[in-house]
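Each residue of the sequence shown is one higher than the last, beginning at 1 in UniProt numbering.
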Amino acid sequence: MKLLLTSAGIKNPSIANALVEMLGKPIAEASALVIPTAAYPAGGPAAAWRIVSGRAMSPLCEIGWKSLGLLELTALPSIDAAQWMPVVRETDALLVGGGDPLYLAHWLQRSGLADVLPSLRETVWVAVSAGSLVAGPHLGQDLSDWQSPTGSVEALRLVDFGIFPHLDNPNMPEFGLADAERWAAALDVPGYAIDDQTAITVIDGEVAVVSEGNWKLFD
């Protein structure tokens with residue numbers, strides 16, 4: 001799986017160009033499934049609707065996909081995998097919206113999608129905030145207000161570094177540089193603090209930063 005880990009979506013031409021390169025074709029020729037699940041505990045149904053309808057502050061769905069479907073993780077355990085698994089395997093990109101990382105990780109695992117991800121060699125995981133956090137080795141539970149009914153929840157461990165999103169966003173004072181430094185001090189792996197104009201790409205294990213803003217690597 002290829003990963004495009006962002007703080008706030010496809011915010012600038014550099015990130016958009018990186019996405020096209022990872023897809024191997026124009027966005028207008030690519031299919032995508034959007035996963036808004038993380039939004040529910042963080043902003044409710046309205047937040048999920050904004051992601052799906054392309055009205056969120058983190059561009060994902062509105063960038064001109066050839067086709068777009070909705071993959072709601074909370075529904076998957078109650079339906080036959082044959083109804084959704086083939087579509088997941090055929091799609092070019094999974095668009096993972098922001099919200100609560102713990103809730104998202106819980107439903108990725110309970111839905112069975114987490115088990116499928118390692119086999120999706122050419123699919124691009126296009127993630128915003130919480131969708132980027134769950135790809136790492138740690139979830140950062142201090143960023144979640146949701147409590148799992150089943151106990152501990154594991155991150156996906158698709159990458160071996162952590163992400164601190166929304167660096168120095170004036171509307172999110174809890175994501176300042178001093179906060180990032182405290183976060184990094186508690187890590188046992190490298191960590192990237194990225195602002196909303198920055199993304200991290202991971203292709204065949206090779207990590208690169210794409211940015212028109214500010215970021216910092218804590219190694």
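Ideal placement from N, C-alpha and C gives every residue a C-beta, glycine not left out.
Remember, predicted model here, so these are calculated numbers, not experimental data.
| Asked | Found |
| --- | --- |
| When you compare each of L117, I163, S119 and N214 to L133 by their alpha carbons, which one comes out closest? | I163 |
| Mind reading off the beta-carbon distance from L76 to L113? Whole number of angstroms is fine, and I expect it under 8 angstroms. | 7 angstroms |
| Where does the unbroken beta strand (DSSP E) through I200 begin, and where does it stop? | T198 to I203 |
| Roughly how many angstroms lie between the CA atoms of A178 and L94, to the nearest whole one? | 32 angstroms |
| Is there at least one non-hydrogen atom of the ligand MG closer than 7 angstroms to the beta-carbon of I10? | Within the structure as shown, the ligand MG is missing, as the structure has no ligands at all. |
| Report yes if the CB atom of S129 is closer than 8 angstroms to the CB atom of G98, and no otherwise. | yes |
| Would you call the segment 67-82 and the segment 9-17 touching, i.e. three or more CB-CB distances under 8 angstroms? | no |
| Could you tell me how far apart the beta carbons of V116 and V88 are, in whole angstroms, since I believe they sit closer than 8 angstroms? | 6 angstroms |
| Going by the beta-carbon positions, is the gap between R65 and A30 smaller than 8 angstroms? | Going by the sequence as given, residue 65 is Trp instead of Arg. In this structure, A30 lies closer than 8 angstroms to W65 by Cβ. |
| If you drop the 5 nearest sequence neighbours on each side, which residues of the same chain put their C-beta closer than 7 angstroms to that of I15? | T6, A199 and V210 |
| If you draw a straight line from the C-alpha of A42 to the C-alpha of L104, how long is it? | 11 angstroms |
| Thinking just about the alpha-carbon of each residue, which of S67, T201, A180 and A32 is nearest to the one in D219? | A180 |
| Could I get the ranges of all uninterrupted alpha helix (DSSP H) runs contained in the segment 8-68, with 4 residues as the minimum, in chain order? | 13-23 and 39-53 |
| Whose C-beta lies closer than 6 angstroms to the C-beta of L60 among residues of the same chain, with five residues either side of it excluded? | G9 and L95 |
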